[in-house]
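Taken in order, the sequence shown gives residues 12 to 441; the numbers are from my numbering.
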Amino acid sequence: MKTRFTSYCFQRTSYIAYIASAPSLTKDVEVFNIYGSLGNAALLHRYGFAEPNNPFDIVNIDLELVLKWDCSLLSNRHCRSRLPLWRRLDLSGSESEDSEYFDISFGGEPEMELLSLLYIMLLPDDTCHKLDMTICTKDKVNENIGMILSEKHDITLDKSSEISKELLLTEKVCSVLLALADIRESCYGLKSIDEDMEALKRCCMKERKLYHSLKEEEEEEEEEEEEEKKKKEEEEEEEEEEKKKRRRRKEEEEEKKKKKKKKKKKKKRRKKNKKKKKKRREEKKRRRRRIRKKKKKKKKKRKKKKERRRRREEKKKNKKRRRRRRKEEEKKRRREEEESERRILEKLRTHATELVEVEHFRMQIKPLQERRRRKEEEEEEEKREEEEKKKKKKKKKKKKKKEEEEEEEEEEEEEKKRRRRRRRREEKKE
């Protein structure tokens with residue numbers, strides 16, 4: 012019998028499967044399907060099986076995992092500056108469902124893109140600045156990185172030659188790869204493969220699932236679930252009873268210890284109380300002496316304050332009286348002047364027809380006009396003086412309020428001090 016093979020070839024970027032089949036097949040020819048160089052994850056996802064030692068198996072490391080490592084060690088700003096530089100070199104990882112990742116082969120070899128990203132992130136600022144300045148076009152990736160490697164390792168690279176992975180695998184890059192491997196391994200959990208295999212052996216399902224027997228299996232599963240629930244409930248009840256017993260024992264032991272401690276404390280307190288009583292008596296005598304002295308000083312201060320207030324009030328009253336007298340005298344003068352002016356004006360009006368000379372009439376009117384002007388000026392000056400006096404009164408009132416507030420604050424502070432002393436005495440007595 013003749014055999015023919017058909018292969019499935021998958022394009023990585025567009026995820027489209029291309030099938031190559033053998034044409035013009037005849038009878039009695041065996042046809043074998045080959046699934047191609049796919050990892051176990053892809054085989055499980057597409058065909059539902061996995062190979063134990065698959066040479067094409069890979070491990071994915073997300074770009075976000077690398078960025079988190081960089082931000083945790085260096086800084087968020089450092090990560091933001093180096094990632095776009097790596098993008099400008101026309102490098103990128105594999106993409107699937109809005110996520111970018113890097114592949115590591117079955118033999119443990121990482122991709123060139125991952126090595127270049129780690130190498131750029133670990134570069135010092137000066138060399139990174141040089142690389143940024145040299146990037147002009149998209150087709151000069153090997154030249155730009157080769158320039159840095161030639162300066163570091165004294166290696167001459169041609170423009171057409173590609174960079175080897177050994178040059179990028181420095182000590183720092185290797186340590187970072189180990190750290191990323193540990194972080195990626197932690198994603199699987201703390202359990203090992205052996206523990207998972209043992210858990211699989213303990214599973215209640217020993218035989219495979221058969222078709223047309225779903226009802227029987229469902230009934231068996233329900234019975235098993237009920238039995239498990241009953242067992243769990245019984246175990247929980249036993250555990251609760253044991254916990255209650257332990258709590259009771261602990262409480263009894265704690266009560267015994269507390270009683271012993273209380274007896275010891277009582278003895279110590281009696282001894283301390285005797286010593287404290289003597290000290291309190293002596294302190295009371297000293298405090299009484301201090302309080303008497305302070306009371307005498309406070310009485311003197313209060314008397315002085317009262318005398319000052321009385322003097323201020325007397326001065327204010329005298330000033331008010333003087334002002335009233337001045338105002339009354341000024342009013343009398345104004346009234347007399349107004350009456351004299353009215354009399355003169357009445358005489359002029361009655362005798363205006365008799366007067367012939369106009370100049371003589373004007374000479375009599377001029378002094379009246381001057382008097383009116385003077386009155387107006389005096390009234391304006393009085394208004395200004397009154398406004399100034401009002402302002403001064405307001406200022407004085409504010410000062411009074413401040414002084415009264417200060418006195419009240421002093422009295423409140425004294426009362427607070429007295430209360431504190433009383434509290435301390437009461438606390439010491441207790």
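Every residue, glycine too, gets a C-beta built ideally from N, C-alpha and C.
This structure is a prediction, so every number in the text was calculated from the model and none was measured.
Scanning F67, E347, Y58 and D39 for the CA closest to the CA of G50 turns up F67. Along the stretch 334-368, the alpha helix (DSSP H) does not occur as any fully enclosed run of 4 or more residues.
Inside the stretch 52-111, DSSP marks whole beta strand (DSSP E) runs of 3 or more residues at positions 70-73, from first to last along the chain. For K440, the closest alpha carbon among the candidates T145, K283, V184 and E232 is that of K283. Rounded to whole angstroms, the separation of the alpha carbons of R336 and M374 is 36 Å.
The C-alpha of K358 lies about 26 Å from the C-alpha of E388. Bounds of the alpha helix (DSSP H) holding T138 are D136 to T145. With a cutoff of 7 Å on beta-carbon distance, R93 and M132 are scored as near each other. Rounded to the nearest angstrom, the gap between the Cα atoms of G118 and E250 is 50 Å. The Cβ-Cβ distance between S103 and Y112 does not fall below 7 Å. DSSP links F113 through a beta bridge to I72. Contact check for I72 and L191: beta-carbon distance about 6 Å, within the 8 Å limit, so the pair qualifies. For K212, the enclosing alpha helix (DSSP H) stretches over residues I204 to K212. Residue range E182 to S197 is occupied by the alpha helix (DSSP H) that includes S197. If you draw a straight line from the Cα of K256 to the Cα of E206, it comes to about 35 Å. V184 is positioned such that its CB atom lies closer than 7 Å to that of L129. The stretch 425-435 makes no contact with the stretch 284-291; the number of CB pairs closer than 8 Å stays below 3. As summarised for the stretch 398-437, there are no continuous beta strand (DSSP E) elements at least 3 residues long confined to that stretch. Taking C-alpha positions only, R298 is separated from K407 by approximately 42 Å. The C-beta distance from E347 to R382 rounds to 12 Å, too long to fall under 8 Å, and the pair is not in contact. A buried status is given to I115, since no fewer than 16 other beta-carbon atoms sit within 10 Å of its beta-carbon. Secondary structure note for L49: it is in no alpha helix (DSSP H), with a DSSP letter that is neither H nor E. Looking at the backbone, the Cα of K338 and that of R354 are separated by about 25 Å. The alpha-carbon of E391 is positioned some 23 Å away from that of K330.
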